[in-house]
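In our numbering, the protein residues as written are 2 to 582.
Glycine included, C-beta positions come from ideal geometry on N, C-alpha and C.
Notes follow the structure.
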Amino acid sequence: MKVLEQFEKECEDAVRQALVALGAPADTPLVKEIPDNADLAIPCFMLSKSLRKPPAAIAQEIAAQLKVPAGLITGVTALNGYLNFTADSAAIVRDTLTEITEKGKDFGKHAPTGLRVNVEHTSTNPTGPVHVGRARNPIIGDTLARCLRMCGHDVTTEYYVNDVGKQMVMMAWGVTNVTPAEVKQEIEETGKEDDRDKVDHRLVYNYRVATKKIHDDPVMEEQIAEMVRKFEAGDQATIDQVKGITEKMLGGIKETLSAMNVTLDRYTWESSLIASGAARQIVERLKATKYAGQAADGAWFLDLKDFGIHGKNTNFTFTRADGTTLYTTRDLAYHLDKFSRSDRVIDVLGEDQKLGSQQLCAALKIMSVEQKPEPLFYAFVALPEGRMSTRKGVVVYLDDLIDEASDRAYEEIKKRRNDLPENRMRAIARQIGVGAVRYNIVRVAPSKQLVFKWEEALNFDGNSGPYLQYVHARACSMLRKAGTFERDTDPAKLTDEYEIRLAKALAGFEDVLQDAGNNMHVHQLPAYGHKVAALFNQFYAEVPVLQAGASRNARLTLVECTKIVLANVLDCLGIAAPEEM
């Protein structure tokens with residue numbers, strides 16, 4: 002937004018002039034915020050140390066010193082240590098509506114930057130369906146990637162397929178050796194049969210039986226160990242067996258992701274790093290460093306005490322006693338591969354991976370690798386009943402959550418729109434159900450614990466996906482009723498406070514996108530969408546549109562612009578924008 006950029010520059014220049022008059026350096030860093038009670042705020046808390054005064058006093062002195070140019074600033078006040086600026090409403094309204102109507106679905110999209118960004122997300126072990134506890138990973142990762150693309154970057158989303166190691170070998174062993182009778186007994190013991198006809202739901206029982214049997218069966222344990230050794234030695238029959246099962250399980254996971262509107266650009270198989278020799282090269286590079294050591298059993302490790310890692314985690318093991326590589330070794334090779342094709346690498350990781358990420362970065366530093374991944378950690382999702390695990394008998398899968406959300410949305414649609422045909426109600430319910438899950442999971446900052454509650458997720462009148470979809474549908478309905486109209490961006494016809502607030506909120510979309518994408522603050526996007534939707538509903542309730550006389554076209558233009566922005570927000574959130582609900 003050209004007007005907003007100019008307004009922010011005028012505010013910053015005016016504050017800097019006042020700071021110089023008060024004896025502060027001209028290059029003093031300034032922070033800018035968008036408050037609820039003004040168009041721009043500059044907090045003075047960081048200035049206390051250099052000016053040796055309380056923030057509130059500094060704000061008052063700057064406000065008194067300010068020389069406001071004859072431009073876009075129409076007012077400035079000092080409040081609780083903040084400088085609050087008000088912009089020329091007419092200029093913002095005209096500029097905002099003109100740009101949105103000209104750009105349409107591209108409004109907010111930045112010009113290509115040429116920056117290559119890799120976002121690795123999901124990457125769940127293909128030993129069972131994706132469960133609710135990990136649902137944040139694909140939803141955060143996909144939302145982040147959508148925002149980064151709108152920021153103009155060349156984005157690649159990637160899934161690191163774990164087809165190597167003991168877990169996947171046990172998965173393959175279980176599919177080959179666990180009998181139907183053992184599967185039946187496992188189902189009876191858990192008291193919960195999963196009748197979903199999906200390969201990942203069917204074969205997870207084989208994995209569960211295998212994980213139980215290995216603890217009491219030394220013969221099986223040796224069989225598994227031998228399969229791991231054969232795999233790493235390049236035995237093609239073993240590799241094909243494990244990879245075949247992995248591909249089947251991954252197929253089921255892809256179905257789940259597709260149902261959530263999540264697609265990935267690239268799948269990198271862990272086994273490829275063994276086959277290419279990349280993992281072995283990492284071993285040799287690490288062995289040659291001064292931090293490398295060898296345990297009594299022959300395993301190799303790095304001593305990381307000089308990198309802030311202490312206690313039992315000081316030793317970062319990168320080979321087993323028999324010389325085979327570990328996941329940690331292959332992960333280093335994988336990141337070197339990502340660095341070779343990306344300028345920025347983002348890893349979406351569960352909070353339980355913080356230590357592993359720290360160890361990875363330390364090992365990269367030891368290898369003199371300058372580039373580092375940016376981890377985006379998330380706390381796990383829980384249902385009110387408590388935490389969930391794929392290795393326990395009772396688990397809630399993401400597939401179950403999607404179906405439950407769709408069923409609940411269908412019941413709500415039936416109450417409101419029994420005039421619609423059955424297939425249309427089901428289609429809308431699916432869009433609402435998926436939207437409810439995605440929105441409710443991403444609206445909370447990733448670092449904060451999230452307990453998924455149905456009454457919040459499917460609230461048609463609150464901070465939820467269905468609320469945004471409903472407001473978008475309402476805007477579409479108004480435009481259908483209006484028919485053909487001539488777009489009008491004249492601010493003289495949009496002077497009501499509800500119109501101005503809404504137009505100013507629409508103007509902020511690009512800044513929110515930049516924050517959500519470049520700063521990985523994806524939770525800011527649903528908060529912004531809810532703000533716009535709430536302001537539109539206030540405008541709808543207080544200001545006539547279809548019977549607005551000379552202001553009719555201008556107000557319909559504002560409705561159309563709101564529809565465009567809400568559709569763009571929903572698209573960045575991976576949520577459908579239905580035109581009727």
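Residues near residue i by beta carbon distance below 6 Å, same chain, minus five either side
| i | result |
| --- | --- |
| V263 | P139 and D143 |
| R137 | Y379, V382 and I442 |
| N464 | H531 |
| T99 | T490 |
| G394 | Low per-residue confidence applies at G394: pLDDT is 44, beneath 50, and the placement is therefore not dependable, though the value from the model is reported in the following sentence. Once the five neighbours on either side are set aside, the close Cβ partners of G394 are T191. |
| D344 | L116 and R117 |
| G387 | Legend: pLDDT at G387 = 46, less than 50; position of this residue unreliable, value from coordinates given subsequently. Correct list: empty, nothing qualifies. |
Host alpha helix (DSSP H) of residue i (start-end)
| i | result |
| --- | --- |
| P545 | P545 -> no alpha helix (DSSP H), and no H or E assigned at all. |
| A22 | K3 to A22 |
| I254 | Q237 to A260 |
| Q470 | G466 to A483 |
| P1 | Given a span of 2 to 582 for the chain in the structure shown, any question on residue 1 remains unanswerable. |
| V435 | E423 to V443 |
| F510 | F510 to N519 |
| D401 | L399 to R417 |
| V205 | V200 to K214 |
| L303 | Not the alpha helix (DSSP H): L303 falls in the beta strand (DSSP E), residues W301 to D304. |
| A551 | Run containing A551: none; DSSP gives neither H nor E here. |
Other residues of its chain near residue i: CB distance less than 7 Å, five sequence neighbours each side excluded
| i | result |
| --- | --- |
| P113 | G153 |
| A586 | No information on residue 586 is available, as it lies outside the stretch 2 to 582 that the chain covers here. |
| T315 | D304, L305 and K306 |
| V156 | V118, V120, A146, L149 and R150 |
| E580 | A474 and C477 |
| A57 | N81 and G82 |
| D497 | V544 |
| A173 | Q242, V243 and I246 |
| G19 | The question names Gly, but residue 19 in the sequence shown is Ala. So the list reads I63, Q66 and L67, once near-sequence residues are dropped. |
| K415 | M426 |
| F540 | Y499, E500 and L503 |
| D462 | Y468 |
Limits of the unbroken beta strand (DSSP E) element including residue i
| i | result |
| --- | --- |
| F317 | N316 to T318 |
| F340 | It is not in any beta strand (DSSP E) - F340 instead sits in the alpha helix (DSSP H) that spans Y328 to S341. |
| P376 | E375 to Y379 |
| T102 | T102 -> not in any beta strand (DSSP E); alpha helix (DSSP H) instead, spanning S90 to K104. |
| G294 | A293 to Q295 |
| G109 | Unbroken run through G109: none, as it is neither H nor E. |
| Y268 | R267 to W270 |
| V77 | I74 to L80 |
| A57 | Taken as a continuous stretch (DSSP letters only), A57 belongs to no beta strand (DSSP E), being part of the alpha helix (DSSP H) at P56 to Q66. |
| R345 | R345 to G351 |
| A42 | L41 to P44 |
Near the ligand GTP: residue i beta-carbon under 6 Å from a heavy atom
| i | result |
| --- | --- |
| G575 | Because no ligand of any kind appears in the structure shown, any question about the ligand GTP cannot be addressed here. |
Sub-7 Å separation of residue i and residue j beta-carbons
| i | j | result |
| --- | --- | --- |
| E411 | A430 | The identity of residue 411 in the sequence shown is Tyr, whereas the question assumes Glu. Yes. Within cutoff. |
| A92 | D40 | no |
| E363 | T326 | The residue you asked about is not Glu; residue 363 is Ala in the sequence shown. Not a contact, by the Cβ cut-off of 7 Å. |
| S407 | G436 | no |
| C45 | I35 | no |
| I225 | M171 | yes |
| T97 | L507 | yes |
| P492 | V4 | no |
| Q432 | A577 | yes |
| L536 | L503 | yes |
| Y471 | M582 | yes |
| L384 | V349 | no |
| T1 | V438 | There is no way to answer for residue 1, as the model of the chain reaches only from 2 to 582. |
| V176 | N207 | yes |
| E189 | V210 | no |
| E222 | I215 | yes |
| H524 | A458 | no |
Contact set for residue i: own chain, Cβ-Cβ below 8 Å, skip 5 residues either direction
| i | result |
| --- | --- |
| P55 | S49 and G82 |
| K339 | N119, E121, E159, V346 and P374 |
| V16 | L31, I43, I63, L67 and L84 |
| L1 | Because the chain is modelled from 2 through 582, residue 1 falls outside the range shown and cannot be assessed. |
| E13 | L31, K33 and I43 |
| N126 | N163, Q168 and M169 |
| Q7 | G72 and L73 |
| K564 | H473, A476, C477 and L480 |
Neighbour flag for residue i against chain B, beta carbons, 7 Å
| i | result |
| --- | --- |
| L361 | Although the question refers to chain B, the structure presented lacks it and comprises just one protein chain. |
- Item | Secondary structure, beta strand (DSSP E): runs of 3+ residues fully inside the segment 121 to 180 | 155 to 162
- Item | Touch test, the segment 103 to 123 against the segment 563 to 573, Cβ-Cβ under 8 Å, three pairs minimum | yes
- On the three-pair Cβ rule with 8 Å, is the segment 288 to 303 touching the segment 230 to 241? no
- Message: Counting beta carbon pairs with one atom in the segment 248 to 263 and one in the segment 190 to 205, are three or more of them shorter than 8 Å?
- Response: yes
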